[in-house]
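These notes concern the structure reproduced below.
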Amino acid sequence: MQNNMDWTQKYYSEEVRQKLEERRTVSPDVVEKGQRDWASLIREVEEAVAAGIDPGSEKAQALAARWSELIKAFTGGDAEIQAGLNKLYADQTNWPTTFPKPYSDEVGNFICTAMGTREKK
């Protein structure tokens, strides 16, 4: 099984890969907290999907806001990191079969709809 994320390098420029590596090594505690926060949020979104929560609801909007904040925490507000992340997730069909998606298609669709609704407000 592929244990590393080397396959994701093609989505980021060399400069961005260096930024990501610096961030990862400078603050491993922050990285671990981010991983825990993502796991918790994904579980909550899965529960919202299972409960049939409307993506436009207040609860869904709060989840979308947290999702946006976690993305911002990962990217540090860096547009180049965000662009690479967008390319990575847009290309999920080409991810290695040994790499499990972090969330289901239903979660992805729900959060995209919720975020789209959020942006229109």
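Residue numbers in the sequence shown follow my numbering, run continuously in steps of one, and reach 121 at the last position.
Glycine included, each C-beta is placed from N, C-alpha and C at the ideal position.
Handout entry: Boundaries (first-last residue) of the alpha helix (DSSP H) holding Ile81
Key = Within the sequence shown, residue 81 is the residue found at index 81, counting from 1. Note, Ile81: alpha helix (DSSP H), 79 to 90.
Practice task
Can you grab the Cα-Cα spacing for the pair Thr25 / Lys19, in whole Å?
Solution key: In the sequence shown, the residue the question calls residue 25 occupies position 25. In the sequence shown, the residue the question calls residue 19 occupies position 19. Cα to Cα, the separation comes out at about 10 Å.
Practice task
Classify Val30 as buried or exposed, calling it buried when 16 or more other Cβ atoms lie within 10 Å of its own Cβ.
Solution key: Reading the sequence shown from its first residue, position 30 is the one you call residue 30. It is exposed - the Cβ of Val30 has fewer than 16 other Cβ atoms within 10 Å.
Problem - Completely contained alpha helix (DSSP H) runs for the segment 20 to 66, where each covers 4 or more residues - result: 28 to 50
Practice task
Could you have a look at Gly127 and say whether DSSP puts it in helix, strand or coil?
Solution key: Any question about residue 127 goes unanswered here, given that the chain covers just 1 to 121.
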